[in-house]
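*Asks:* Before anything else, here's the structure in question.
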Amino acid sequence: MMKQHTRKMKMGTISVMMIGLSIIVSSIFSILDYTNERASLQKDFEEISIPVPKRLANGLEKPLWFLDEAQTLKLIELEMMEKRVYAVVVKEADGKTVFCARKRDDNWKIIKFDGNMTKEHRSLSETIFYEGKSIGNIEVFFSRRFMDESLARLRFFNFIKVIAMGISLAAALLLIVNFFMVRPISIVVAGLKKVADEIESASQKLLFSGRTLSDGASKQASSVEETSASLEEMTSMTQQNAHNLTHANNLMIGTSRVMSDTVNSMNRLTASMDDISKTGEETRKVIKTIEEIAFQTNLLALNAAVEAARAGEVGAGFAVVADEVRSLAMRSGQAAKNTASLIEASVKGIRTGYELAVSANDGLKKLSDGAQKVGELLGEVAAASQDQSQGIHQVSRAMIQIDKVTQENMASASDTALSVEELGNQSSRMKEYMRELTALIGNKKSDKI
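Okay, here's the thing in structure tokens:
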């Protein structure tokens, strides 16, 4: 209520000032108009009044000389048709004797009078000559009544005009000011209020974000310190792992060499067993040949025994030899069979051993290849561990830099929070200035700001 009353008082003061200013301006113009009109009326009055005495003096030469009062009266009434002519007095040559005198009464009718006039009217006189001789004079009195009435009406109309123009001009000025100043300023103030509200809201959010950022930066700084310490430990462990991997790689290189030598020995063993297997096959062939020889010898012994039996006593000794040969052939065949069985078993065992040796050789080759690949992988892992160690060291350095930046960010966040708080204060002050501005221009919506 107090603000509204103050606003109304300010608005009333502004209105009164504008009306007063409008009245002053219109009064100045009215005064100039009145002055010009009075000068024009005065000039017109002079132009009308000055020729009248001369005309009458010229027209009354003979009527006054011949004392023709009727003609004189006609000329006077003719001139008094001009309403501004108030009285006319015609005197004889002595200047005292009134020959003819006429004036106007209160109803502005022409009447006869004694010729005595007061000084309230303007008078112009002229001497009347006849044939170069002064025969009298004429005095004409002029009334300023109509000019004064015109000026009075002009003053009244000017007063009314000043009041009307003042009010109209004030209203026009108020409308112009309201349309071209108050409304735009109100729109600007409303926009500024909206901006101020948005700034205030944004500053509150920024303040909250700044405080959150400051807390987060503090926590981040602590986490970065812990991470840096962990990275230092990881760097040390990674370096130790890299050293162990290098040692394991060297061991795998030695193992790979031993496996390569073993594979070569197994290759030679496989080749030797292959040769033994081939020799066993040749021996089987020889045993088979012996068996065939024993079989043929047995057949020959049988044939010899048959022939000895046919020979009788003469072939008895040959029969004994044939039996012995047959017995020997049978033992040789049996021995060859036994030897063939042993050789067959030996060849089978050699073949099995060969297959196992080949399988073992393949396994050793795969193992050697695996050991070589493991060695290569260990070498790559060792190199990667070195790179990882260097990378972790660089990350550790970067974390130190991040810790520094985090500390700076934490300080900046604190400064930002203070700046945002100051921004909120400035926004509040700006809204207060806007309230005063809207109250000054008389905007009804100022109470809502």
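Start counting the sequence shown at 358; every next residue gets the next number (the working numbering). From the three backbone atoms N, C-alpha and C, an ideal C-beta is built for every residue, glycine too. Values in this document were obtained by computation on a predicted structure and should not be read as measured data.
Buried or exposed, going by whether 16 or more other CB atoms sit within 10 Å of the CB of F423?
*Replies:* In the sequence shown, counting from the first residue as 1, residue 423 sits at position 66. So F423 counts as exposed.
*Asks:* Report the residue ranges of all alpha helix (DSSP H) runs contained in full by the segment 414–445; include only those spanning at least 4 residues, in chain order.
*Replies:* 418–422, 426–436
*Asks:* Closest to V446 by CA distance: which of T370, F470, G706 is it?
*Replies:* Sequence index remark: in the sequence shown, residue 446 carries index 89 (1-based). It is F470.
*Asks:* Where V677 and S689 are concerned, what is the direct C-alpha to C-alpha distance, given to the nearest angstrom?
*Replies:* Here the question's residue 677 lines up with position 320 in the sequence shown. Here the question's residue 689 lines up with position 332 in the sequence shown. Going by the C-alpha atoms only, they are around 18 Å apart.
*Asks:* Under the assumption that I379 contacts G523 (Cβ atoms under 8 Å), give the Cβ distance between them as a whole number of angstroms.
*Replies:* On the sequence shown, position 22 is the one that residue 379 refers to. On the sequence shown, position 166 is the one that residue 523 refers to. Reading off the sequence, residue 379 comes out as Ser, not Ile. That pair is a contact at about 4 Å.
*Asks:* In whole angstroms, what separates the C-alpha of V777 from that of D760?
*Replies:* Within the sequence shown, numbered from 1, the residue matching residue 777 stands at position 420. Within the sequence shown, numbered from 1, the residue matching residue 760 stands at position 403. If you take the alpha carbons of V777 and D760, they lie about 25 Å apart.
*Asks:* On the DSSP letters alone, give me the boundaries of the beta strand (DSSP E) that N464 sits inside.
*Replies:* Locating residue 464 in the sequence shown gives position 107, where the first residue counts as 1. Where N464 is concerned, there is no enclosing beta strand (DSSP E), given that its DSSP letter is neither H nor E.
*Asks:* Quick check: the Cα distance between H664 and T636, rounded to an integer number of angstroms?
*Replies:* As a working note, residue 664 is residue 307 in the sequence shown. As a working note, residue 636 is residue 279 in the sequence shown. The question names His, yet the displayed sequence has Glu at residue 664. Roughly 41 Å between the two C-alpha positions.
*Asks:* Quick check: the Cα distance between F498 and L389, rounded to an integer number of angstroms?
*Replies:* Walking along the sequence shown from the start, residue 498 turns up at place 141. Walking along the sequence shown from the start, residue 389 turns up at place 32. So the two alpha carbons sit approximately 30 Å from each other.
*Asks:* With the cut-off set at 8 Å, would you say T595 and S746 are in Cβ contact?
*Replies:* Against the sequence shown, residue 595 aligns to sequence position 238. Against the sequence shown, residue 746 aligns to sequence position 389. In this structure, S746 lies closer than 8 Å to T595 by Cβ.
*Asks:* Mind checking which residues open and close the alpha helix (DSSP H) that includes N515?
*Replies:* What you label residue 515 is simply residue 158 of the sequence shown in a count that begins at 1. Note, N515: alpha helix (DSSP H), 502–534.
*Asks:* Taking the alpha-carbon of K476 as reference, which of K431, S579, S500, E733 has the nearest alpha-carbon?
*Replies:* Here residue 476 corresponds to residue number 119 of the sequence shown, with the count starting at 1. Ranking the options by Cα distance to K476, first place goes to S500.
*Asks:* Ignoring anything shorter than 4 residues or poking outside the segment 645–687, list the alpha helix (DSSP H) runs there in chain order.
*Replies:* none
*Asks:* Have a look at the DSSP bridge pairing and note the partners of E496.
*Replies:* For this step, residue 496 is matched to residue 139 along the sequence shown. Answer by DSSP bridge pairing, in chain order: V446, S482.
*Asks:* Can you tell which of I520, V552, P420, A755 has its C-alpha closest to the C-alpha of Q783?
*Replies:* Translated into positions along the sequence shown, residue 783 becomes position 426. It is V552 whose Cα lies nearest to the Cα of Q783.
*Asks:* Let me check understanding here. Comparing Cα to Cα, which of S785, G748, R792, M791 lies closest to S558?
*Replies:* Mapped onto the sequence shown, residue 558 falls at position 201. Comparing Cα positions, the closest option is S785.
*Asks:* Skipping 5 residues on each side, what residues in its chain have a beta carbon closer than 7 Å to that of I749?
*Replies:* Reading the sequence shown from its first residue, position 392 is the one you call residue 749. Hits under 7 Å: L588, M591, T592, T595.
*Asks:* From S491, S383, S585, pick the residue whose C-alpha is nearest to that of Q751; which is it?
*Replies:* Counted from its first residue, the sequence shown places residue 751 at position 394. The shortest C-alpha separation from Q751 is found at S585.
*Asks:* Using a 10 Å radius around the Cβ and a threshold of 16 neighbouring Cβ atoms, would you call E403 buried or exposed?
*Replies:* Against the sequence shown, residue 403 aligns to sequence position 46. With fewer than 16 other Cβ atoms within 10 Å, it is exposed.
*Asks:* In terms of alpha-carbon separation, which member of E712, S575, L398 lies closest to D505?
*Replies:* Taking the first residue of the sequence shown as position 1, residue 505 is located at position 148. Comparing C-alpha distances from D505 to each of E712, S575, L398 shows the shortest one belongs to L398.
*Asks:* My assumption, with CB atoms under 8 Å, is that A728 sits in contact with M630. Please give the rounded CB distance.
*Replies:* Here residue 728 is taken as the residue at index 371 of the sequence shown, counted from 1. Here residue 630 is taken as the residue at index 273 of the sequence shown, counted from 1. With 8 Å as the limit, A728 and M630 do not qualify as a contact, their Cβ atoms being about 25 Å apart.
*Asks:* Relative to the C-alpha of K448, which candidate in R441, A458, K730 has its C-alpha closest?
*Replies:* The residue you call residue 448 lines up with position 91 of the sequence shown. Comparing Cα-Cα distances from K448 to each of R441, A458, K730, the minimum goes to A458.
*Asks:* In chain order, which alpha helix (DSSP H) runs of at least 4 residues are fully inside the segment 601–644?
*Replies:* Assignment of alpha helix (DSSP H) within the segment 601–644, counting only whole runs of 4 or more residues, yields no such run.
*Asks:* Beta carbon of A741, beta carbon of N606: below 8 Å?
*Replies:* Your numbering for residue 741 matches position 384 in the sequence shown. Your numbering for residue 606 matches position 249 in the sequence shown. The answer is no: Cβ separation not under 8 Å.
*Asks:* Can you give the beta carbon distance from Y711 to T646, rounded, assuming they're within the 8 Å contact cut?
*Replies:* For the purposes of this step, residue 711 is taken as residue 354 along the sequence shown, with counting starting at 1. For the purposes of this step, residue 646 is taken as residue 289 along the sequence shown, with counting starting at 1. About 25 Å; that fails the 8 Å criterion.
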